[in-house]
Each structure stands twice: as C-alpha cells, then as structure tokens.
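A short write-up of the structure that comes next.
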C-alpha cells in the first residue's frame with residue numbers, strides 16, 4: 007500500500023468536490039494500492055490539519071473552514087510546514103497575476119511536493135517557470151482540470167495518443183458560451199435573453215465578461231500552447247473575439263446551410279473566435295458541453311467531449327491526475 | 007534504451023500499416039527510450055526473419071511476403087522459435103472460431119510474450135481464456151485497435167478515467183453503417199443506393215453482411231462487456247438488429263424531430279440496434295466516424311470520436327498499446 011499525504015489548498019466548490027471524491031473513493035483507491043490521506047485543508051478563513059487524516063464528513067457540511075479551523079498559519083506556511091507528498095491547489099483563478107495560487111504552487115514545487123491543480127491563472131501567467139521548478143525538484147505538475155474540466159484532453163494526449171505528433175487542437179472550452187449559443191440556435195433567442203437564462207440557471211456569472219468575451223477560453227489556449235506545443239506564449243499573444251455580437255439571424259442562416267456557430271479556441275494558431283462548425287461533426291455539440299478535436303499525424307482527428315465544469319466532475323479530473331503520478335513511470339526508469 | 011523485439015503475424019492492410027508506422031516513428035520512439043525492433047514478419051505465404059531487424063523499406067512494396075520469404079516454417083512455429091518480447095497479431099478476423107489468430111495468440115502468451123492485436127475474432131471467442139493465459143505467464147494483452155480502430159476507448163477508460171466506475175458505454179462502432187446512414191439522411195437515398203455508394207468508395211465490402219447486420223458491432227460489444235465490465239458473455243448473448251430495414255422516410259421523420267438514427271452498440275445491456283440520437287449530442291457524428299459515450303459515476307458522460315478504420319490509424323492504436331506496456335507499471339511495483 008502506497009500512502010500519499012495530500013494538502014488541499016482552497017475550499018470552494020472544487021475543494022469540496024475533492025474532499026467528497028477522496029471520501030467516496032477511499033476503498034476503490036486502496037484496492038488499487040493507493041492510500042490517499044488528506045493531512046490538511048486550507049482556505050482564506052482558516053485551516054484544518056490532522057496528521058492521521060482529515061475526516062471528510064466532519065468538514066463537508068462547512069461552507070468555509072472558519073468554524074472548524076485548528077491552525078492559524080497561512081496557506082503557504084501550511085504547504086511548507088505540514089508533512090505532505092502532494093499539494094492540490096484549487097483556489098480561485100486570476101489570469102492577470104495568478105495569485106494567490108501562483109505563490110502556493112511555487113511553494114509546493116520548491117518543497118519537492120507534487121502539484122495537482124484546477125487553477126488556470128498561475129499556469130497562464132507562469133507555466134514555464136512552474137514547469138522548471140517541478141523539473142528542478144523532481145516532482146510532477148498535473149493540470150488536466152484546468153482545460154475542459156472533466157473532459158480528458160491533456161492526459162489523452164500524453165498517455166493514449168503517445169507516438170503521434172499533435173498537429174493542432176480546436177475546441178469548445180467554455181460551457182457558458184456553448185450554452186448561450188445553443189439556446190440562441192434552438193430558440194432563436196437574442197444574445198441577452200440567452201445570457202439571462204444561463205445566469206438564472208447558474209451557468210453564467212452575474213458579470214459574464216470572463217466567459218462571453220473569450221477570456222477564459224484564451225487562458226486555456228495559452229495553457230495548451232505552452233504545455234502540449236512547447237510554445238512560450240502569454241495571454242496577450244492570443245487573438246480573442248467573444249460571442250457578444252452574434253445574432254440569432256446569423257445562427258439561423260448558418261443552420262440553414264448545415265452549420266452551427268461555436269466559440270472555438272485554436273492551438274497553435276492562438277485564436278479564440280466564433281467559427282462555423284458543420285452539423286454532424288464531432289465539435290457540433292450543444293448544451294454546456296466542452297469538446298476538443300485533436301489533429302494528429304497517425305490517428306487522424308480524435309475528438310473528446312465532456313462536461314466542462316462541475317464540482318464532482320472537476321474533482322474527478324484531479325483524482326485521475328493524482329493517480330497517474332503514482333502509476334506511471336517513464337520507460338528509462340524501468341529496470 | 008529499452009530494446010523490444012517484435013514478431014508481426016499477419017501482413018495485410020493493418021500489417022503493412024504497422025511496418026510503416028514503426029519505420030516512420032523509429033526516431034521518436036528512441037527519443038522516448040524505446041527501440042522497437044521488428045525481428046519477424048509472417049503471413050500465410052511466408053515469413054521474413056531477421057535478428058537485427060527487418061527493414062521496413064525492403065518489404066513495404068510487397069503485397070504478400072511470398073517473394074521475400076526467407077523462412078518456411080508456420081506462423082505458430084515462428085512465434086515459438088524466434089526470440090521476441092512481443093507479438094503483434096493482425097491476421098484476418100473470424101468471430102465464429104477465431105482462427106488463425108486464436109492459435110497465434112495462445113502460442114504467444116504461452117511463450118511468455120506480450121500480445122498486441124487488432125484482431126477481434128479471438129477476443130470474441132475466447133477473451134477469458136486468453137486473459138488467464140496472459141496473467142498466468144505474467145505478460146500483457148492489449149487490444150485497443152479491436153474496438154473503434156483509432157478511437158481511444160479502452161486505454162481512455164483504463165488510463166485516464168481511472169477512479170471512475172464505468173456505468174455503461176454506448177457507441178457507434180461501425181464506420182460502414184455510419185456512412186450508409188449518414189448518406190441516407192443527407193441525400194434521402196434508399197438503403198441500397200447508399201450501400202452501393204459505400205461499396206464504390208471502399209467503405210463497404212462486396213458482401214456487406216458482417217457490417218450492416220450488426221455482426222461486427224456485436225463483436226465489439228462482446229469485447230467491451232468482457233474486458234471493461236468483467237462479464238463472461240459470448241456473441242450469442244447479444245441482441246442484434248442491423249440497419250438494412252431503415253428507410254429514408256424514417257430518417258427524415260427523425261430529422262424533423264431533431265434526431266438522427268445511428269446503429270448503437272450498448273454495454274452492459276448487450277444490444278446492437280438502430281437508435282434515435284439527438285442532433286447536437288456527442289454521438290450524432292456522421293461520415294465513417296466511430297464514437298463512444300462512456301457513462302461514469304464521477305466524470306459524467308465522456309464521449310470520444312475517431313476514425314474506426316484505416317491502415318495507419320489502426321497501426322497507431324497498436325503502437326500506443328505497445329508503448330503503454332513498457333511505460334506503465336502498477337502502483338505496488340513502484341519501490
């Protein structure tokens with residue numbers, strides 16, 4: 007049995023999901039030979055530290071850790087001082103300066119701890135630096151959940167499409183935009199009405215700018231460019247156009263000609279823009295789905311589709327990343 | 007550098023693809039630490055054996071091995087007597103008795119050699135027996151290419167969706183049927199005309215029974231049931247209905263209501279039948295594409311789409327399987 011001590015940093019929606027999934031999957035993971043033990047959970051209101059494992063059931067009812075905190079030191083301090091093998095970083099994302107996640111990640115990697123995250127910001131701002139930190143300290147950095155939520159894209163490329171050259175990726179990386187465009191197509195709603203509906207259903211924020219202007223999608227394009235295509239680009243390198251100027255008339259015209267309009271992020275082209283997608287093709291998926299078409303030299307085009315967000319779904323991508331760290335070794339380390 | 011000696015059994019369309027892909031990817035594989043050396047290639051007309059590696063360029067122009075054969079013993083004999091680590095079995099499939107592939111696979115596994123195959127027949131007929139043989143001899147048996155060609159399904163479940171319970175799989179597993187149904191929908195062709203077109207384009211055989219009656223899809227359902235769901239079923243356990251009775255009128259009516267009709271294989275339900283699929287949903291893909299929706303407890307529904315066949319595409323799935331054998335170790339074998 008391999009024991010892995012985990013520090014969880016961030017206790018919002020995704021953090022709760024991680025605690026719940028680790029709890030639900032404890033037995034199945036032990037059957038796989040992995041004993042994942044949560045030794046600390048931290049948010050901006052406090053921390054719960056327990057050497058013998060934080061009990062999920064004791065904290066899952068708490069929205070924040072304020073009432074149950076047993077430790078007053080900062081998140082970075084916790085990462086440094088609590089004995090753990092791996093840090094899961096799921097604080098809110100900021101793609102301008104990457105904080106507070108960036109500081110947490112640097113601390114974790116510098117301490118020689120593996121890092122698994124769903125937090126886009128730090129990777130958009132400083133992918134290269136974080137990657138080098140991980141390499142210098144001989145640890146893994148995994149971030150499947152940052153791009154397309156539960157849709158397995160990075161791991162699919164790294165683990166399953168191995169041997170292929172990846173020629174390009176085109177995808178729907180924002181479920182909010184996909185929902186709005188789908189409803190505009192289905193119901194001939196104008197943009198504002200579809201947005202309102204998405205907000206009512208909790209698919210869009212009160213301030214939807216981040217999603218509908220393509221900012222979120224562009225962040226994912228940056229992460230894919232730097233990680234899969236080994237580019238060294240920043241947010242400003244991406245040519246971004248959102249969905250706010252799309253009309254129901256444009257969608258209707260497209261539909262009559264056999265197309266839907268989707269907000270597509272493209273690498274290595276570094277563009278985010280509304281594009282015509284043929285109905286019946288794998289990227290023509292509706293609702294809040296994300297999808298990514300991976301263009302390869304050997305396998306042709308492989309497309310993967312899944313929910314772009316969701317508490318348990320995102321936590322599932324994080325769990326898959328954790329397991330992969332302990333299950334995969336590189337070829338040359340096999341005796 | 008890890009040297010892996012490979013015996014290739016079967017030199018039809020897929021066999022040629024394997025030789026070509028190994029040749030094209032030699033350098034990239036060496037960069038990954040793998041030296042894949044083809045030490046024998048066999049078909050029903052002869053064999054080419056070379057301890058220091060068969061040169062792809064010398065045989066790729068040959069349709070069969072008759073003219074270049076340097077060894078007169080049988081395929082099984084070659085598997086037994088040629089020193090190799092891994093056997094790639096790509097002879098023609100037969101889902102009634104599984105031969106000749108079944109004999110080749112039993113021989114390979116009994117000799118303690120890893121097995122990678124695109125040949126459905128032996129797995130439909132004798133999955134359990136082959137699996138036990140592999141376990142008894144401590145070797146791997148990999149068969150991604152048997153289900154959905156280049157579409158990564160089995161490896162996606164085993165490597166990427168780890169931690170999930172797989173609740174069910176529904177998929178389009180036959181590109182010929184998908185092409186026929188797509189053309190009937192697009193052009194209002196009757197079945198016979200769409201079939202003729204598919205035959206003209208090489209997407210359907212002169213005798214299309216195996217595809218259009220759902221036999222091929224049912225074979226894949228059996229493989230998924232036994233491997234992913236640990237069932238112990240045979241071809242006769244699958245409830246099979248093909249596409250030959252579908253009319254353009256039915257497709258038109260479906261389309262008006264927002265649906266397409268696809269031939270869907272379903273596990274663990276063990277059914278193959280034409281089903282209504284909502285337009286805009288991930289399984290509503292056209293042309294010769296294959297697609298599989300994987301229903302999970304944590305990640306929701308993940309759908310993957312890719313080409314179901316093709317020389318290089320199938321060989322790519324085989325290559326991915328080969329690499330995975332040498333790249334992945336189980337958790338408890340990590341020191």
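Chains as they are written, first to last, in this note's numbering: chain A, 7 to 341; chain B, 7 to 341.
By construction, the Cβ of each residue, glycine as well, lies at the ideal position given by its N, Cα and C atoms.
_Closest Cα partner of residue 113/A within the set 145/A, 332/A, 179/A_ = 145/A
*Reducing DSSP to helix, strand and coil, say where residue 7/A ends up.*
coil
*Buried or exposed: which applies to residue 20/B, given that a residue is buried once 16 or more other Cβ atoms fall within 10 Å of its Cβ?*
Buried is the label assigned to residue 20/B, since at least 16 other Cβ atoms lie within 10 Å of its Cβ.
*In the structure shown, what three-state DSSP assignment does residue 335/B receive?*
Bear in mind that the predicted position of residue 335/B carries a pLDDT of just 47, short of 50, making it too unreliable to give a figure here.
*Roughly how far, in whole angstroms, is the beta-carbon of residue 45/B from the beta-carbon of residue 90/B, given that I think they are within contact range, below 8 angstroms?*
A Cβ-Cβ distance of about 5 angstroms is found for the pair residue 45/B and residue 90/B, placing them in contact under the 8 angstroms criterion.
*Between the C-alpha atoms of residue 200/A and residue 213/A, what's the straight-line distance to the nearest angstrom?*
14 angstroms
*Could you name the residues of chain B that residue 157/A contacts, counting a contact when the two beta carbons are closer than 8 angstroms?*
Under the 8 angstroms cutoff, chain B gives 308.
*Residues in the region 265–297 of chain B having any Cβ partner in chain A nearer than 9 angstroms*: 266, 284, 285, 286, 287, 288, 290, 291, 292, 293, 295, 297
*Please determine if the region 9–18 of chain B and the region 279–292 of chain A are in contact, where contact requires at least 3 C-beta pairs separated by less than 8 angstroms.*
The answer is no - the region 279–292 of chain A does not touch the region 9–18 of chain B, with fewer than three Cβ pairs under 8 angstroms.
*Return the Cβ separation of residue 180/B and residue 222/B in integer angstroms, given the expectation that the two are a contact with Cβ distance under 8 angstroms.*
5 angstroms
*Note down, in chain order, each residue of its chain lying with its Cβ closer than 7 angstroms to the Cβ of residue 42/A, except the 5 sequence neighbours on either side.*
10, 12, 28, 35, 328
*One or two residues paired with residue 133/A in a DSSP bridge*: According to DSSP, which records beta bridges pairwise, residue 133/A is partnered with nothing at all.
_Simplified DSSP assignment, three categories, for residue 103/B_ = coil
*Could you tell me the distance, in whole angstroms, from the CA atom of residue 163/B to the CA atom of residue 73/B?*
42 angstroms
*Return no unless some Cβ of chain A is closer than 8 angstroms to the Cβ of residue 3/B.*
Only positions 7 to 341 of chain B appear in this structure, which leaves residue 3/B out of reach.
*asked:* Less than 8 angstroms between C-beta atoms, sequence neighbours within five positions excluded: which residues of the same chain meet that for residue 342/B?
replied: For chain B, the structure presents residues 7 to 341; residue 342/B sits outside this window and is missing.
_Among 324/B, 290/B, 275/B, 236/B, nearest to residue 305/A - alpha-carbon criterion_ = 324/B
*Ignoring anything shorter than 3 residues or poking outside the region 125–208 of chain A, list the beta strand (DSSP E) runs there in chain order.*
With a minimum length of 3 residues, the continuous beta strand (DSSP E) runs that stay inside the region 125–208 of chain A are 172–178.
*Between the Cα of residue 151/B and the Cα atoms of 166/A, 249/A, 156/A, which residue gives the shortest distance?*
166/A
*How big is the Cα-Cα spacing for residue 111/B and residue 105/B?*
10 angstroms
*Determine the chain A residues that contact residue 24/B at a beta-carbon separation under 9 angstroms, and present them in chain order.*
By Cβ distance, chain A contributes nothing, its closest Cβ being about 11 angstroms from residue 24/B, past 9 angstroms.
*Going by C-alpha distance, which of 33/B, 70/B, 38/B, 31/B is nearest residue 49/B?*
70/B
_Cβ of residue 69/A within 8 angstroms of any chain B Cβ_ = Interface annotation, residue 69/A: not in contact with chain B, CB-CB separation never under 8 angstroms.
_Within 8 angstroms, strictly: CB atoms of residue 268/B and residue 139/B_ = Residue 139/B sits away from residue 268/B, with the two beta carbons spaced by 8 angstroms or more.
*Give me the Cα-Cα distance between residue 125/A and residue 95/A, rounded to the nearest whole angstrom.*
Roughly 7 angstroms separates the two Cα atoms.
*asked:* Please report the distance separating the alpha-carbon of residue 148/B from that of residue 136/B.
replied: 11 angstroms
*asked:* Using the Cβ count rule (16 or more neighbours within 10 Å means buried), how would you classify residue 319/B?
replied: buried
*Closer than 9 angstroms, Cβ to any Cβ of chain A: which residues of the region 160–178 of chain B, in chain order?*
161, 162, 165, 166, 167, 168, 169, 170, 171
_Do residue 228/B and residue 278/B count as a contact pair if the criterion is CB distance below 8 angstroms?_
no
*Cβ-based burial, residue 190/B [other Cβ within 10 Å; buried from 16]*: buried
*asked:* Distance cutoff 8 angstroms, beta carbons only. Does residue 336/B sit that close to anything in chain A?
replied: With a pLDDT of 46 at residue 336/B, under the threshold of 50, the predicted position of this residue should be treated as unreliable, though the coordinate-derived value follows. So yes, residue 336/B belongs to the interface.
*Using a C-beta cutoff of 8 angstroms, does residue 233/B count as contacting chain A?*
no
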